[in-house]
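Visitor: Take a look at this one; I'll ask things after.
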Amino acid sequence: MSLELDRRISDSGTRFRIFPQPRFLQKADGSGPLFPEPEQVVIALEPAAIQPGPADDRMFVVDAIGKLPYNRFFRPPYQGAFQPPIRAGENGHFDHLDPNSREFSAATMYATVRRVLDIWEDYFGHTIQWHFESDFSRLELIPLIEWNNAQSGYGFLEFGFGRTANGTIDHTRPYCENFDVLAHELGHSIIFAEVGFPASPTDDGVDYGGMHESAGDLVAIIASLHFNSVVDLLLESTKGNLLTINGLDRVGELSDSRQIRIAFNGLRMSDVGEEPHDRSLPLTGAIFDTMVEVFQQDLVAKKLITEDLRTRSTNLPGTAHDLTQIQDEFTSAYTGNEAAFKDSLLLARDYVGRLLAVTWGKISPDFLTYHSILRTMLQADRDLTGGVNAGIIRECFAWREIAPLPTSLMMRQHTLANCGFDETEPSPVPDGAARRSGYRVPAPRPDSSAVRTAR
Ligand SMILES: [Zn+2]
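Residue numbers for the sequence shown follow the UniProt record's numbering, so the first one is 1 and each next one is one higher.
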């Protein structure tokens with residue numbers, strides 16, 4: 001969400017409190033939880049627009065009693081017994097609830113989903129209409145069922161609890177209080193609404209599946225960078241040295257957060273298979289690194305770091321640069337300029353949020369490839385900045401080995417003979433059929449198991 005909108009709604013919106021990261025994450029020195037207190041968030045609706053539940057015109061909480069998980073035959077709307085709806089305090093806000101109460105958990109689920117939706121509707125520049133709108137006008141949110149799992153489905157998000165070591169329900173870990181999990185699941189709904197899904201049964205959707213999981217994580221990562229406490233801790237522990245390759249050790253205490261582990265991954269296409277969560281990681285890495293590079297570009301423009309430091313911190317790994325030296329230089333650049341670093345990071349966050357929204361708004365779900373996402377992102381950058389960040393996007397995707405498929409028609413070369421201009425040039429294609437088709441078949445790229453095999 002843009003900084004101006006965030007400032008504007010802080011006066012007019014409705015206050016809630018939520019934990020930016022799960023309460024069970026501990027400080028590295030064991031002295032207590034990493035985020036001991038919930039942080040205030042303001043959602044874009046004014047208090048008068050929120051009914052008990054909480055509920056509004058897009059979503060509502062129903063704290064079901066004795067409910068089994070939905071399945072193929074048991075679907076919304078929920079019609080069983082439920083706890084009384086949560087009401088606002090006297091001032092119309094919901095920031096009065098005791099963090100150890102059931103009411104707090106239910107209100108957190110609403111506030112998280114609503115806040116993430118506010119953030120992404122601002123990046124899209126329009127209302128995100130639910131993909132289930134033909135059946136339901138509002139998203140049903142069920143916060144606390146007796147289940148050691150959670151799920152999102154057609155018209156609902158339904159959450160239980162984490163698991164203990166022996167697989168039973170761990171009531172200390174309600175999923176509805178886990179910002180990353182809720183934001184990730186809402187990310188899937190946003191992709192269904194804005195990208196759609198493959199129409200053809202012959203489309204195996206391998207990259208579509210990877211894109212979906214990546215989008216869930218990016219929706220969550222960008223949204224969690226709206227918590228001051230998360231941004232401050234991230235910058236404080238890295239001193240602004242955010243490039244992710246080999247970077248997990250630099251994010252310190254935050255490295256126990258699933259979302260941070262995913263953002264700071266160093267995987268390329270040759271490291272992953274077709275399973276959607278694995279396959280999502282290089283794409284998420286390429287896009288997170290784009291944000292970091294745009295952040296560093298702004299630091300250079302504001303003379304907060306040198307171009308030389310930026311280049312050395314980028315050209316990793318495999319180069320001889322001294323990582324300790326680079327970190328020391330970031331530490332001295334950051335110290336005394338904390339607020340300026342934060343401003344640059346928030347600008348980069350909002351740029352990537354807009355870039356993703358424009359990209360997702362343009363891509364076709366049919367026969368989607370990561371390479372087509374890359375090309376659409378370059379087009380989105382032209383729309384947003386006139387193409388200023390094209391070089392950064394190309395490099396971040398190239399490092400992750402996101403490239404055209406070797407079998408793509410786009411990769412074929414056309415000689416004059418192929419095009420019918422030079423009858424004397426011998427055709428390079430030995431195969432008669434290929435000669436007739438006029439295409440030279442490109443050699444496979446020997447170094448790149450990166451590029452997935454043709455299927
Ligand atoms: Zn997912």
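Note that CB positions come from ideal geometry on N, CA and C, so glycine has one too.
Fair warning: this is a prediction, and the values are worked out from it, not measured in the lab.
#1: Are there any heavy atoms of ligand 1 lying less than 7 angstroms away from the beta-carbon of His188, as far as the coordinates show?
#2: In whole angstroms, give me the CA-to-CA distance for Pro20 and Ser229.
#3: Using a threshold of 8 angstroms, state whether the C-beta atoms of Phe24 and Arg173 are closer than that.
#4: From Pro85 to Asp63, what does the alpha carbon distance come to, in whole angstroms?
#5: Can you determine whether any heavy atom of ligand 1 sits closer than 7 angstroms to the C-beta of His131, and answer yes or no?
#6: Can you grab the Cα-Cα spacing for the pair Ser280 / Ile262, in whole Å?
#7: Distance, Cα to Cα, Gly209 vs Leu139?
#8: Specify the secondary structure class of Asp173 as computed by DSSP and reduced to three states.
#9: Identify whether Gly153 lies in helix, strand or coil by the three-state DSSP scheme.
#10: Kindly examine ligand 1 and report whether one of its heavy atoms sits closer than 7 angstroms to the Cβ of Gly216.
#11: When we look at the beta-carbon of Glu133 and count the other beta-carbons within 10 Å, is it buried (16 or more) or exposed?
#12: Is the CB-CB distance between Arg8 and His93 below 8 angstroms?
#13: Using the C-alpha atoms, what's the distance from Asn71 back to Val219?
#14: Quick one: what's got a C-beta closer than 7 angstroms to Ala199's C-beta in the same chain, skipping five residues either side?
#15: To which residues of the same chain is His371 closer than 6 angstroms at the C-beta, ignoring the five residues directly before and after it?
#16: Quick check on Ala81: does DSSP put it in helix, strand or coil?
#17: Tell me the residue span of the alpha helix (DSSP H) that contains Ile18.
#18: Under the DSSP definition of a beta bridge, which residues are partnered with Glu140?
#19: Going by DSSP, what residue range makes up the alpha helix (DSSP H) through Gln327?
#20: Within its chain, find whatever has a CB closer than 8 angstroms to the CB of Ala223; leave out the 5 residues flanking it on each side and keep chain order.
#21: Whose C-beta lies closer than 6 angstroms to the C-beta of Asp256 among residues of the same chain, with five residues either side of it excluded?
#22: Going straight from the alpha carbon of Pro47 to that of Gly13, what length do you get?
#23: Tell me which residues share the same chain as Arg452 and place their Cβ nearer than 6 angstroms to its Cβ, disregarding the 5 neighbours each side in the sequence.
#24: Between the alpha carbons of Asp232 and Val300, how many angstroms are there, rounded?
#25: Within 8 angstroms, do at least three Cβ pairs link the region 202 to 217 to the region 297 to 313?
Guide: Straight from the coordinates:
#1: yes
#2: 8 angstroms
#3: Yes, the pair counts as a contact, with Cβ atoms nearer than the cut-off.
#4: 8 angstroms
#5: no
#6: 9 angstroms
#7: 23 angstroms
#8: The amino acid at residue 173 is misidentified as Asp; the sequence shows Arg. For Arg173, the secondary structure class from DSSP, reduced to helix, strand or coil, is strand.
#9: strand
#10: yes
#11: exposed
#12: Cβ distance not < 8 angstroms, so Arg8 and His93 don't count as in contact.
#13: 26 angstroms
#14: Cβ within range, chain order: Asp366.
#15: Contacts found: Pro404.
#16: coil
#17: Taken as a continuous stretch (DSSP letters only), Ile18 belongs to no alpha helix (DSSP H), being part of the beta strand (DSSP E) at 14 to 18.
#18: Phe60, Phe156
#19: Boundaries of the alpha helix (DSSP H) around Gln327: 323 to 334.
#20: Arg115, Val116, Ile119, Trp120, Phe179, Ala183
#21: Leu25
#22: 7 angstroms
#23: Note on Arg452: pLDDT 37, under 50, position unreliable in the model; the coordinate value appears next. The answer is none, since no qualifying residue turns up.
#24: 20 angstroms
#25: no
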